[in-house]
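K.L.:
Just passing along the structure, written as structure tokens.
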Ligand SMILES: Cc1ncc(C[n+]2csc(CCOP(=O)(O)OP(=O)(O)O)c2C)c(N)n1
Ligand SMILES: [Mg+2]
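Here it is, written out as structure tokens:
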């Protein structure tokens, strides 16, 4: 139960028009891509697991635009938006969703494992908390190589209850590694509300106990996510050690495509929708004279065209031949027919 819904984000947008519209466009692109993914899932074009980010777009759009191309990125299974803002083409994301060879992980990863070395996206990850030790390792490697970059590690509130979270926070703080811990606190881990899985539901208090600075940010306000991530990233890059940013957010859709949502009321979802990151930001830009209705419509139309192009690309993509199935295996598969009597 999460009854307390703060007022919608508001106030002046401190950016020039091109930058403000870029961040708006990023949120719209994520939203439209994922709404199409939901339809494609219904049509069994996308199969397996699918976790939508709808409602949470201001985090990926704001935080990732505040990073530099040299920074590493580690994400979760709810990472479609992160991949898109990071610069992966929507085509390569959509083809990966389909499981086609033209996808960013050659169709072997699917929705939960978008990966792209060129943009330093070191993966979505199906394991809750699984990205945190990877992020600490990447940051340690950077330190040893003398690279001045940080590793931004995104994870949900549910990861805070995992051992990997504590081990990673401890080592990163002890060794003052350049990790930006980005917690997307959407108040639920699957069907479990945060008060039911955390002994200390104030996640900043928990993070501070490791001796690293922690800030809470309105994760539905793209101005706040950008500004606070940029400030935190500067500190981390300048050798200030790791930092923890808690983005308070809310997902508007079910946890995944298999979730009857019996753990929260429709009224709660509706109240959080008043804080929707796209419509509140759009209203602020219009009030400030930074956005005209026709400009908004053309942003939407461009996103729609990009989505349809990506779907056509994925449809035209190819399946990996069965003969290639053993590619990339590091251990030769054991074959029962080749086993000797001694093996048995
Ligand atoms: C180690 C591990 N335990 C359990 C699961 C099953 N599981 C999948 S998602 C999830 C909830 C995670 O919630 P949170 O970290 O808050 O992320 P959100 O889905 O809210 O973005 C769980 C428990 C898993 N994938 N990995
Ligand atoms: Mg969560």
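Residue numbers (our numbering): 17 to 360.
Idealized CB from N, CA, C, for every residue including glycine.
Just so you know, these numbers come straight off a predicted model, no measurement behind them.
1) Give the secondary structure of residue 273 by DSSP, where H, G and I count as helix, E and B as strand, and everything else as coil.
2) Please confirm whether any heavy atom of ligand 1 lies closer than 8 Å to the CB of residue 218.
3) Hey, residue 75 and residue 97: beta-carbon distance below 9 Å or not?
4) For a test of the three-state rule: what should DSSP assign to residue 201, helix, strand or coil?
5) Below 8 Å CB to CB, which residues in the same chain sit around residue 81 once its five sequence neighbours on both sides are set aside?
6) Once DSSP output is grouped into helix, strand and coil, what is the label at residue 359?
7) With a threshold of 8 Å, establish whether the CB of residue 148 neighbours any heavy atom of ligand 2.
8) In the DSSP output, which residue or residues are listed as bridge partners for residue 169?
9) Since I believe residue 208 is in contact with residue 87 (beta carbons under 8 Å), could you give me their beta-carbon distance rounded to a whole number of angstroms?
10) In whole angstroms, what separates the C-alpha of residue 291 from that of residue 113?
11) For residue 288, is the classification buried or exposed, using 16 other Cβ atoms within 10 angstroms of its Cβ as the cut-off for buried?
12) Going by DSSP, name the residue or residues bridged to residue 208.
13) Give me, in chain order, the residues of the same chain whose beta-carbon lies closer than 6 Å to that of residue 187; leave out the 5 immediate sequence neighbours on both sides.
14) Quick check: what's the CA-CA separation for residue 279 versus residue 128?
15) What did DSSP end up calling residue 221 once you bin it into helix, strand or coil?
16) Grouping DSSP H, G and I as helix and E and B as strand, with all else coil, what is residue 236?
17) How should residue 160 be labelled, buried or exposed, when 16 other C-beta atoms within 10 angstroms of its C-beta is the threshold for buried?
P.N.:
Here's the rundown:
1) As a working mapping, residue 273 is identified with position 257 in the chain shown. Three-state DSSP puts residue 273 in coil, outside helix and strand.
2) Counting from one through the chain shown, the residue named residue 218 turns up at place 202. No.
3) Along the chain shown, read from residue 1 onward, the residue named residue 75 stands at position 59. Along the chain shown, read from residue 1 onward, the residue named residue 97 stands at position 81. Yes; because the gap between Cβ atoms is below 9 Å, this pair is in contact.
4) Looking up residue 201 in the chain shown gives position 185. In the structure shown, residue 201 sits in a strand (DSSP, three-state: E or B).
5) Numbered from 1 along the chain shown, position 65 holds the residue referred to as residue 81. If we look at residue 81 and ignore the five residues flanking it on each side, its Cβ neighbours are 38, 39, 42, 101 and 242.
6) Within the chain shown, numbered from 1, the residue matching residue 359 stands at position 343. Note that residue 359 scores 44 on pLDDT, short of 50, meaning its location in the model is unreliable; the coordinates nonetheless yield the value given after this. Here residue 359 sits in coil by DSSP.
7) The residue you call residue 148 lines up with position 132 of the chain shown. Residue 148: no, Cβ never under 8 Å from ligand 2.
8) Translated into positions along the chain shown, residue 169 becomes position 153. In DSSP, residue 169 forms a bridge with 90 and 197.
9) Position 71 of the chain shown, counted from the first residue, corresponds to residue 87. Position 192 of the chain shown, counted from the first residue, corresponds to residue 208. Actually they are not in contact, since the Cβ atoms of residue 87 and residue 208 sit about 32 Å apart, beyond 8 Å.
10) Sequence index remark: in the chain shown, residue 291 carries index 275 (1-based). Sequence index remark: in the chain shown, residue 113 carries index 97 (1-based). In a straight line, the C-alpha of residue 291 is about 29 Å away from that of residue 113.
11) Stepping through the chain shown from its first residue, residue 288 is reached at position 272. Answer is buried; the Cβ neighbour count reaches 16.
12) On the chain shown, position 192 is the one that residue 208 refers to. Its beta-bridge partners are 205.
13) Here residue 187 corresponds to residue number 171 of the chain shown, with the count starting at 1. Excluding sequence neighbours, residue 187 sits near 152.
14) On the chain shown, position 263 is the one that residue 279 refers to. On the chain shown, position 112 is the one that residue 128 refers to. Spanning the two alpha carbons is a distance of roughly 24 Å.
15) For the purposes of this step, residue 221 is taken as the residue at position 205 of the chain shown. In the structure shown, residue 221 sits in a helix (DSSP, three-state: H, G or I).
16) Within the chain shown, residue 236 is the residue found at index 220, counting from 1. Residue state, collapsed to three classes: coil.
17) Counting from 1 along the chain shown, the entry for residue 160 is found at position 144. With fewer than 16 Cβ atoms within 10 Å of its Cβ, residue 160 is classed as exposed.
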